[in-house]
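At position 47 of the sequence shown (counting the first as 1) the number is 71 in this note's numbering, and the numbers step up by one without a gap.
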Amino acid sequence: VEWLAQGTRYQVRLEVSVGPPFAPLVSRRLTSDGEITPAGLAPRRYDEITEAILREPRQLAILFDADRVRLPGGREVPRPSGVQDSASQFVHLTWLFTTRPELLQPGQAIDVPLALPRQVDVWTYDVIGHEALATPVGEVPTLHVKPRRVARRGGDLTAELWVAPTLQ
């Protein structure tokens with residue numbers, strides 16, 4: 025994950041791959057560009073490139089206007105307040121947990137409107153509990169945050185988070 029900020033502008037880049045690093049079976053690069061606002065991140069554009077062995081790369085973009093979200097293929101839907109994309113959601117969640125630490129407590133649930141390639145939908149993230157993660161520099165106390173939805177075959181990619189408040 026790479027986070028760049030300059031003034032009120034931001035860019036988040038996220039890269040995910042499956043398979044050995046020297047020859048991944050599938051890789052996906054996600055990029056979110058937008059504004060940093062008092063209410064968190066406000067994406068303007070999301071780009072996704074997926075590469076898989078024996079397939080042509082797939083590129084798609086989601087555009088965010090003041091009151092509409094344009095999905096790949098041109099379909100437009102209303103823009104919900106606080107909507108995020110697949111890359112910005114992680115930084116936005118971190119911002120929420122930093123500015124509203126009461127949300128980062130076991131048992132809490134956080135709703136995030138999420139613009140995905142096929143639809144805009146609300147995802148709920150549950151704060152599962154405290155976990156110590158072993159790292160090369162020792163154990164780090166974290167809180168496990170997990171999306172409530174279940175990944176569907178050929179559907180949405182889901183990701184769990186381990187938030188380390190002591191490391192911000």
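The beta-carbon is built from N, C-alpha and C at its ideal position, and this holds for glycine as well.
Asked: VAL115, DSSP secondary structure in three states; Found: helix
Asked: Terminal residues of the beta strand (DSSP E) in which THR55 lies; Found: 50 to 61
Asked: Buried/exposed call for ILE86, threshold 16 Cβ in 10 Å; Found: buried
Asked: Cβ contact check for the segment 151 to 166 and the segment 182 to 189: 3 or more pairs under 8 Å; Found: yes
Asked: Cα-Cα separation, PRO137 to THR159; Found: 32 Å
Asked: Inter-stretch contact (C-beta, 8 Å, three-pair minimum) for the segment 115 to 128 and the segment 73 to 89; Found: no
Asked: Same chain, Cβ closer than 7 Å to ALA66, neighbours up to 5 away in sequence not counted; Found: GLY58, GLU59
Asked: Spatial distance of GLU72 from LEU127 (CA atoms); Found: 29 Å
Asked: Proximity of TYR70 and ALA111 at Cβ, strictly below 8 Å; Found: yes
Asked: Distance CB(LYS170)-CB(ASP145) smaller than 8 Å; Found: no
Asked: Member of LEU140, PRO81, PRO130 whose CA lies at the smallest distance from the CA of ARG99; Found: LEU140
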